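Encoded as C-alpha coordinates, the structure appears first; notes follow it.
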Amino acid sequence: MEHIIGVLADTHIPRFKALPEAIWRHFADVELIIHAGDLSVLSVINELETIAPVVAVQGNVESDEVRRALPLKRELVIGGCRIGVVHILSPDSARRRRSEEEARLEAARREFPQARCVIFGHTHVPYLRQQDGLLLFNPGSATDRRSQPACTLGRLYIEDASGSPRGEIIPLT
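Counting in our numbering, the sequence shown runs from 155 upward without gaps.
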(Lines of atoms letter the chains of each structure in order from A; the text may use other names.)
(Lines give C-alpha, C1' and ligand atoms only; values in the text may rest on other atoms or scores of the structure.)
Protein backbone atom coordinates (compact mmCIF):
# COMPACT_ATOMS: atom_id res chain seq x y z
CA MET A 155 0.00 0.00 0.00
CA GLU A 156 1.14 3.54 -0.70
CA HIS A 157 0.22 6.53 1.45
CA ILE A 158 -0.43 9.79 -0.39
CA ILE A 159 -0.05 13.07 1.49
CA GLY A 160 -0.71 16.60 0.23
CA VAL A 161 2.01 19.11 1.10
CA LEU A 162 1.59 22.91 1.31
CA ALA A 163 3.41 25.91 2.74
CA ASP A 164 3.23 29.70 2.59
CA THR A 165 -0.43 30.15 1.63
CA HIS A 166 -0.61 33.57 3.36
CA ILE A 167 -4.41 33.88 3.56
CA PRO A 168 -5.99 36.53 3.67
CA ARG A 169 -3.14 38.41 1.95
CA PHE A 170 -4.04 36.14 -0.94
CA LYS A 171 -7.82 36.09 -1.04
CA ALA A 172 -8.41 32.34 -1.26
CA LEU A 173 -6.79 28.97 -1.59
CA PRO A 174 -6.57 27.98 -5.27
CA GLU A 175 -9.25 25.54 -6.45
CA ALA A 176 -6.44 23.41 -7.89
CA ILE A 177 -5.65 22.26 -4.34
CA TRP A 178 -8.95 20.35 -4.21
CA ARG A 179 -8.21 18.71 -7.57
CA HIS A 180 -4.61 17.69 -6.75
CA PHE A 181 -5.43 16.56 -3.20
CA ALA A 182 -8.67 14.67 -3.95
CA ASP A 183 -7.02 11.31 -3.19
CA VAL A 184 -4.79 12.26 -0.23
CA GLU A 185 -5.23 10.80 3.25
CA LEU A 186 -3.56 13.74 5.02
CA ILE A 187 -2.45 17.30 4.29
CA ILE A 188 0.73 18.70 5.83
CA HIS A 189 1.05 22.50 5.93
CA ALA A 190 4.56 23.78 6.69
CA GLY A 191 3.53 27.19 8.01
CA ASP A 192 2.56 30.72 7.06
CA LEU A 193 -1.12 29.91 6.89
CA SER A 194 -1.67 33.34 8.51
CA VAL A 195 -5.17 32.41 9.76
CA LEU A 196 -6.61 29.19 11.23
CA SER A 197 -9.52 29.15 8.78
CA VAL A 198 -7.05 27.74 6.22
CA ILE A 199 -7.00 24.51 8.25
CA ASN A 200 -10.81 24.40 8.32
CA GLU A 201 -10.94 24.77 4.53
CA LEU A 202 -8.31 22.11 3.94
CA GLU A 203 -10.08 19.72 6.33
CA THR A 204 -12.91 19.52 3.78
CA ILE A 205 -10.40 17.45 1.78
CA ALA A 206 -8.48 15.49 4.45
CA PRO A 207 -7.18 15.81 8.02
CA VAL A 208 -4.50 18.49 8.42
CA VAL A 209 -1.21 18.58 10.34
CA ALA A 210 0.33 22.07 10.45
CA VAL A 211 3.06 24.11 12.07
CA GLN A 212 3.30 27.84 12.53
CA GLY A 213 5.41 30.01 10.28
CA ASN A 214 6.97 33.41 10.81
CA VAL A 215 4.01 35.42 9.44
CA GLU A 216 1.05 34.25 11.52
CA SER A 217 -1.87 35.75 13.39
CA ASP A 218 -1.93 35.46 17.19
CA GLU A 219 -4.55 32.69 16.93
CA VAL A 220 -2.25 30.58 14.77
CA ARG A 221 0.74 31.15 17.06
CA ARG A 222 -1.34 30.03 20.05
CA ALA A 223 -2.75 26.97 18.28
CA LEU A 224 0.18 25.51 16.35
CA PRO A 225 3.66 24.33 17.34
CA LEU A 226 6.88 25.53 15.69
CA LYS A 227 7.71 22.01 14.58
CA ARG A 228 6.16 18.55 14.53
CA GLU A 229 7.21 15.01 13.95
CA LEU A 230 4.89 12.23 12.79
CA VAL A 231 5.15 8.68 11.49
CA ILE A 232 3.20 7.49 8.46
CA GLY A 233 3.66 4.04 6.99
CA GLY A 234 6.89 3.53 8.90
CA CYS A 235 8.36 6.84 7.68
CA ARG A 236 9.27 9.46 10.29
CA ILE A 237 8.49 12.95 8.95
CA GLY A 238 9.68 16.23 10.44
CA VAL A 239 7.77 19.43 9.69
CA VAL A 240 9.10 22.95 10.33
CA HIS A 241 8.61 26.29 8.60
CA ILE A 242 12.17 27.61 8.58
CA LEU A 243 14.95 25.09 8.17
CA SER A 244 17.77 27.21 9.58
CA PRO A 245 21.32 26.45 8.54
CA ASP A 246 23.84 27.46 11.19
CA SER A 247 26.24 30.38 10.86
CA ALA A 248 28.95 28.18 9.31
CA ARG A 249 26.82 27.88 6.18
CA ARG A 250 29.11 30.18 4.22
CA ARG A 251 31.78 27.50 4.34
CA ARG A 252 29.54 24.83 2.77
CA SER A 253 27.14 24.51 -0.11
CA GLU A 254 23.52 25.45 0.51
CA GLU A 255 22.54 21.80 0.03
CA GLU A 256 25.00 20.62 2.69
CA ALA A 257 23.86 23.32 5.12
CA ARG A 258 20.20 22.43 4.57
CA LEU A 259 20.90 18.73 5.09
CA GLU A 260 22.81 19.44 8.32
CA ALA A 261 19.99 21.67 9.60
CA ALA A 262 17.41 18.95 8.85
CA ARG A 263 19.49 16.31 10.64
CA ARG A 264 19.95 18.64 13.63
CA GLU A 265 16.20 19.41 13.92
CA PHE A 266 14.95 15.87 13.19
CA PRO A 267 17.74 13.30 13.73
CA GLN A 268 15.49 10.26 13.16
CA ALA A 269 13.47 11.58 10.20
CA ARG A 270 13.49 10.09 6.71
CA CYS A 271 11.68 13.14 5.32
CA VAL A 272 11.78 16.80 6.39
CA ILE A 273 9.12 19.16 5.05
CA PHE A 274 9.74 22.90 5.28
CA GLY A 275 8.64 26.20 3.73
CA HIS A 276 9.51 29.89 4.12
CA THR A 277 11.41 30.44 0.87
CA HIS A 278 8.43 29.99 -1.49
CA VAL A 279 10.94 28.11 -3.68
CA PRO A 280 10.13 24.46 -4.39
CA TYR A 281 12.90 22.10 -3.32
CA LEU A 282 13.00 18.33 -3.54
CA ARG A 283 16.18 16.41 -2.88
CA GLN A 284 16.94 12.92 -1.65
CA GLN A 285 20.36 12.73 0.01
CA ASP A 286 21.95 10.26 2.40
CA GLY A 287 18.62 8.57 3.15
CA LEU A 288 16.77 11.83 3.84
CA LEU A 289 14.17 13.49 1.61
CA LEU A 290 14.17 17.30 1.93
CA PHE A 291 10.90 18.74 0.63
CA ASN A 292 9.72 22.34 0.26
CA PRO A 293 6.49 22.45 -1.78
CA GLY A 294 6.90 26.15 -2.63
CA SER A 295 3.75 28.27 -2.35
CA ALA A 296 0.32 27.61 -3.86
CA THR A 297 -0.52 31.34 -3.72
CA ASP A 298 2.69 33.39 -4.04
CA ARG A 299 5.13 32.34 -6.75
CA ARG A 300 7.55 35.22 -6.10
CA SER A 301 10.39 34.65 -8.58
CA GLN A 302 9.22 31.17 -9.61
CA PRO A 303 7.55 30.46 -12.97
CA ALA A 304 4.39 29.15 -11.22
CA CYS A 305 2.78 28.61 -7.85
CA THR A 306 3.31 25.06 -6.61
CA LEU A 307 2.18 22.40 -4.16
CA GLY A 308 3.50 18.97 -3.32
CA ARG A 309 2.52 15.36 -2.97
CA LEU A 310 4.39 12.93 -0.74
CA TYR A 311 4.22 9.19 -1.39
CA ILE A 312 5.23 6.68 1.27
CA GLU A 313 5.59 3.01 0.45
CA ASP A 314 4.14 1.02 3.35
CA ALA A 315 6.42 -2.00 2.99
CA SER A 316 9.69 -0.02 3.11
CA GLY A 317 8.64 3.32 4.63
CA SER A 318 10.43 4.99 1.73
CA PRO A 319 9.33 8.56 0.96
CA ARG A 320 9.12 10.03 -2.54
CA GLY A 321 8.03 13.57 -3.33
CA GLU A 322 6.48 15.38 -6.27
CA ILE A 323 6.24 19.12 -6.91
CA ILE A 324 3.24 20.16 -8.99
CA PRO A 325 3.12 23.53 -10.76
CA LEU A 326 -0.30 25.20 -10.70
CA THR A 327 -1.06 26.61 -14.12
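Backbone N, C-alpha and C fix where the C-beta goes; we use that ideal spot for every residue, glycine too. Owing to the predicted nature of the structure, the values given are computational and were not obtained by experimental measurement.
A straight-line Cα-Cα distance of about 15 Å links residue 209 and residue 293. Excluding residues up to 5 positions away in sequence, 292, 293, 294, 302, 306, 308, 323 lie with their Cβ nearer than 8 Å to the Cβ of residue 280 in the same chain. Distance from residue 232 to residue 159 at the Cβ level is roughly 7 Å; contact confirmed, criterion being Cβ atoms closer than 8 Å. The Cβ atoms of residue 190 and residue 273 lie closer than 8 Å to each other. Residue 283 counts as exposed, since fewer than 16 other beta carbons sit within 10 angstroms of its beta carbon. Residues of the same chain with a CB within less than 8 Å of the CB of residue 316, apart from the 5 flanking positions on each side, are 234 in chain order.
Distances from the CA of residue 216 to each of 178, 269, 201, 168 were compared; the closest alpha carbon is that of 168. Pairing residue 296 with residue 326 gives a Cβ-Cβ distance under 8 Å. By the criterion of a C-beta distance shorter than 8 Å, residue 205 is surrounded in its chain by 160, 177, 178, 181, 182, 184, 187, once the five residues flanking it on both sides are discounted. Its chain contains 191, 192, 241 as the residues whose beta carbon lies nearer than 6 Å to that of residue 213, once the 5 sequence neighbours on both sides are disregarded; these appear in chain order. Shortest Cα-Cα distance from residue 264 to any of 201, 275, 207, 227 involves 227.
Close CB contacts of residue 304 within its chain, under the 8 Å cut and outside five residues either way in sequence, are with 325, 326, 327 (chain order). Residue 262 counts as buried, since no fewer than 16 other beta carbons sit within 10 angstroms of its beta carbon. Burial check for residue 225: the Cβ neighbour count within 10 Å stays below 16, so the residue is exposed. DSSP, read as helix, strand or coil, puts residue 232 in strand. Between the alpha carbons of residue 201 and residue 229 lies a distance of about 23 Å.
Collapsing the DSSP output to three states places residue 167 in coil.
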